[in-house]
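Colleague: Here you go, one structure.
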Amino acid sequence: MKILLLASGEFAIPTLEIIAGHRPAVDLKLFSQPDQAKGRGRKKAPTPAKEAAINLGLNVESPKDINAPESHQLITKFAPDYLILVDYGAKLSPSTIALPKRAAINLHPSLLPAYRGPAPMPWALINGEPMTGVTTQLIGEKIDCGNILLQEPTFIFDHETLPQLSRRLSLLGAPLVWRTITELQAGNIEPHPQDERLASLAPKFKKEDGLINWQAPAVALFNRIRGLNPWPGTYTFHHGKRVKIIEARPVQTPPIMGPGAILVDRDKLLVGCGQASALSIERLQVAGKPIRTADEFLRGYKARENDFFGIR
Numbered sequence: 002m003k004i005l006l007l008a009s010g011e012f013a014i015p016t017l018e019i020i021a022g023h024r025p026a027v028d029l030k031l032f033s034q035p036d037q038a039k040g041r042g043r044k045k046a047p048t049p050a051k052e053a054a055i056n057l058g059l060n061v062e063s064p065k066d067i068n069a070p071e072s073h074q075l076i077t078k079f080a081p082d083y084l085i086l087v088d089y090g091a092k093l094s095p096s097t098i099a100l101p102k103r104a105a106i107n108l109h110p111s112l113l114p115a116y117r118g119p120a121p122m123p124w125a126l127i128n129g130e131p132m133t134g135v136t137t138q139l140i141g142e143k144i145d146c147g148n149i150l151l152q153e154p155t156f157i158f159d160h161e162t163l164p165q166l167s168r169r170l171s172l173l174g175a176p177l178v179w180r181t182i183t184e185l186q187a188g189n190i191e192p193h194p195q196d197e198r199l200a201s202l203a204p205k206f207k208k209e210d211g212l213i214n215w216q217a218p219a220v221a222l223f224n225r226i227r228g229l230n231p232w233p234g235t236y237t238f239h240h241g242k243r244v245k246i247i248e249a250r251p252v253q254t255p256p257i258m259g260p261g262a263i264l265v266d267r268d269k270l271l272v273g274c275g276q277a278s279a280l281s282i283e284r285l286q287v288a289g290k291p292i293r294t295a296d297e298f299l300r301g302y303k304a305r306e307n308d309f310f311g312i313r
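FYI, the numbering for the sequence shown is 2 to 313, going by our numbering.
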């Protein structure tokens, strides 16, 4: 069986590893996004999936455009039975989708039709969802709208952050991809259409989406902080300086404080939020400074009367 895996990000690595583990019965080839300039030196580096594939001794291609004729020639020459798309970073054209002999399959980190789009995990956290999961689906012309093959649900833990959830869903999705392939081979899966009445969208974020509105309730801000870190990150201002809020927790018995108001309670840094609630800031980063705990921040903090976060 020949499998062409289209993968770039870290989320795809467990799927890469589980399929590669079935060699030589499986002939696996990886297509990944071209190397990108990173860091202060702007040196080009391979994608996480490409680097992992090279370490596994796999054949890797990095086409500039997966839908270009030259890419189609490479795919046709390999003649895959299945094309598997996991965290690749590009939309496939209908002609690309049609290239594999058996099926083109996508692994999506939500329980479709919920959270279609590029940012399902952040939105699930931001909206305080109790559950999420992973879905394998046939790739269609519209993004994340293809027929569903298999799904695996899971709870979202109360204090789970985006990196933690992403890692867990990547590990949950990898065996689901392999089970999907084997079940399709055996003819045991009947793809079924998505219920459009249950569809929701998960659009990508802009940098400005991370600006904290302290008028929101503490629980809503807590969910937003864990859903938007590490990118675009959540931030506020303190006397003209940009301050990233890395980690925070809702206060169970909040003092009476106005939105954005700062209260120092021994080694705790409390900030007032909407609906008479408050957040305890656990870790933060003032512009140009390293990430600090609240205790470290407070050692150099000069308390002022009626001090607030949110003032530019």
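For every residue, glycine included, the Cβ atom is placed at its ideal position computed from N, Cα and C.
1. Would you verify that the beta carbon of Asn60 is, or is not, closer than 8 Å to some beta carbon of chain B?
2. Ordered along the chain, which non-local residues of its own chain (more than five positions away) have a Cβ less than 8 Å from that of Tyr236?
3. If you run the structure through DSSP and keep just helix, strand and coil, what is Pro154?
4. Comparing alpha-carbon positions, which option in Gly22, Ala288, Phe32 and Arg267 lies nearest Ser281?
5. Looking at C-beta atoms only, is the number of pairs between the region 176-186 and the region 226-241 that lie closer than 8 Å three or more?
6. Exposed or buried, which one is Glu161 when buried takes at least 16 other CB atoms within 10 Å?
7. Around the Cβ of Ile312, are there at least 16 other Cβ atoms within 10 angstroms (buried) or fewer (exposed)?
8. The beta strand (DSSP E) with Ala279 in it runs from where to where?
9. So if DSSP puts Gly134 in a beta bridge, which residue, or which two residues, is it bridged to?
10. How many angstroms separate the CA atom of Ile140 from the CA atom of Leu84?
11. State the CB to CB distance for the pair Leu7 and Leu29, rounded to an integer number of angstroms; the pair is presumed to be in contact (CB under 8 Å).
12. In the structure shown, what three-state DSSP assignment does Thr235 receive?
13. Looking at Leu5 and Leu17, is the spacing between their C-beta atoms short of 8 Å?
14. What residue range does the beta strand (DSSP E) around Arg250 cover?
15. In this structure, how does DSSP classify Asn320 when only helix, strand and coil are distinguished?
16. Hey, how far is the Cα of Phe158 from the Cα of Leu173?
17. Just to check my reading of the structure: Leu113 and Thr136 have Cβ atoms closer than 8 Å, yes? What is that Cβ distance to the nearest angstrom?
18. What is the DSSP secondary structure of Pro218, reduced to helix, strand or coil?
19. For the candidate residues Asn107, Met258, Ile257 and Arg24, whose alpha-carbon lies nearest to that of Asp88?
20. Arg103 to Asp82, Cα distance in whole Å?
21. State the beta-bridge partners of Ile85 as determined by DSSP.
22. In whole angstroms, what is the alpha-carbon distance linking Pro255 and Phe223?
23. Check this for me: beta carbons of Gly273 and Gly261, under 8 Å apart or not?
24. Under 8 Å between the Cβ atoms of Ala80 and Lys3?
Modeller: Judging by the given coordinates:
1. Among the protein chains of the structure shown there is no chain B, as only one such chain exists.
2. Gly211, Leu212, Ile213, Arg243, Val244, Lys245 and Ile246
3. strand
4. Arg267
5. no
6. buried
7. exposed
8. Ser278 to Val287
9. Pro154
10. 10 Å
11. The pair is not a contact, with the Cβ atoms about 12 Å apart (cut-off 8 Å).
12. strand
13. no
14. Lys242 to Pro251
15. The displayed coordinates of the chain run from 2 to 313. Any statement about residue 320 would go beyond what the structure contains.
16. 15 Å
17. 4 Å
18. strand
19. Asn107
20. 5 Å
21. Leu6 and Ile106
22. 14 Å
23. yes
24. yes
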